[in-house]
Amino acid sequence: MNDADVGKQIQQMVRFIQQEAEEKASEISVAAEEEFNIEKLQLVESEKKKIRQDYERKQKQVDIRRKIEYSTELNAARIKLLQAQDDVVSEMKESAGKALLRVTKDTNTYRKILKSLIVQSLLRLREPSLVLRCREADRVHVEPVLEAAKKEYAEKSKVNLPKIIIDGKVYLPPQRINDAAHGPSCSGGVVLASQDGKIVCDNTLDARVDLSFRQKLPEIRKKLYSQQVSQ
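For what it's worth, my numbering labels the leading residue of the sequence shown as 829, then goes sequentially.
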């Protein structure tokens, strides 16, 4: 083999090595680009996931804040509504109290009421001997109807006439002169108790009004609520 043949073989070997090197370099470049693209895609997806999670977290915070604000406003509205209802009920009770005071000024009507209250108290207590307390100013109204009340009770209960003593030492407090006055007061009516004082029936007009309002309060609130909602 002469020098020319050797030179040709060397050149062929060089070209083969160069071609193989270029192919390897191309493979490495493609693999690197694929790996880069995969890593870039993973990074993008990871950032997207973070963004979505951050958005969901902030959205939940907004939803929670809205629920808290709504609950606060709703509670405030309920309190305002209840306060308005209480104000109306208080005004109704005040009006009822003033109406009772007008009733007590009508002698015939008031005495009929006192008689009914005494009979009702006797029917509740069913005691043979009792003590009756009233306002000092009402004694002139109680005494004329007391016997009739005892007879009505005895007939209804089919018992002997009860013994009733009007307490001349302890009277119920007088009516309130004006709204600014303080201390105990009584609009009228009677309080009956057993001789030993263990059983008491408060049948004052104030007690009757309070009892009526307690019994009717759910119905009153329901009507007031429906009226306020319709407005």
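From the three backbone atoms N, C-alpha and C, an ideal C-beta is built for every residue, glycine too.
Note that the coordinates shown come from a computational prediction; the quantities given were computed from them, not determined experimentally.
Residue j beta carbon less than 8 Å from that of residue i
| i | j | result |
| --- | --- | --- |
| SER957 | LYS986 | no |
| LEU950 | LEU1033 | no |
| SER1015 | THR932 | yes |
| ILE994 | ARG967 | yes |
| ASP1030 | VAL1019 | yes |
| VAL916 | PHE1041 | no |
Spatially closest choice to residue i from the options, by CA coordinates
| i | options | result |
| --- | --- | --- |
| LEU953 | GLU855, TYR981 and TYR938 | TYR981 |
| GLY1017 | GLU975, ASP915, GLN881 and ARG961 | ARG961 |
| LEU974 | VAL947, TYR999, GLY1025 and ILE892 | VAL947 |
| LEU989 | VAL842, LYS978, MET920 and SER923 | LYS978 |
| LYS1050 | ASP914, SER923, LEU1039 and ASP934 | ASP914 |
Counterpart residues of residue i in DSSP-defined beta bridges
| i | result |
| --- | --- |
| LYS991 | SER957 |
| ARG893 | ARG893 is not bridged to any residue. |
| ASN1031 | VAL1018 |
Residue i in three-state terms, based on DSSP
| i | result |
| --- | --- |
| VAL1018 | strand |
| ARG939 | helix |
| ASN865 | helix |
| VAL1037 | helix |
| VAL842 | helix |
| ARG963 | strand |
Nearest-angstrom Cβ-Cβ length linking residue i and residue j, presumed shorter than 8 Å
| i | j | result |
| --- | --- | --- |
| ARG963 | LEU1000 | 5 Å |
| VAL959 | GLN1023 | 7 Å |
| ARG939 | HIS969 | 5 Å |
| ALA1035 | ILE1027 | At roughly 15 Å, the Cβ-Cβ gap does not stay under 8 Å, so ALA1035 and ILE1027 are not in contact. |
| LYS943 | ALA976 | 6 Å |
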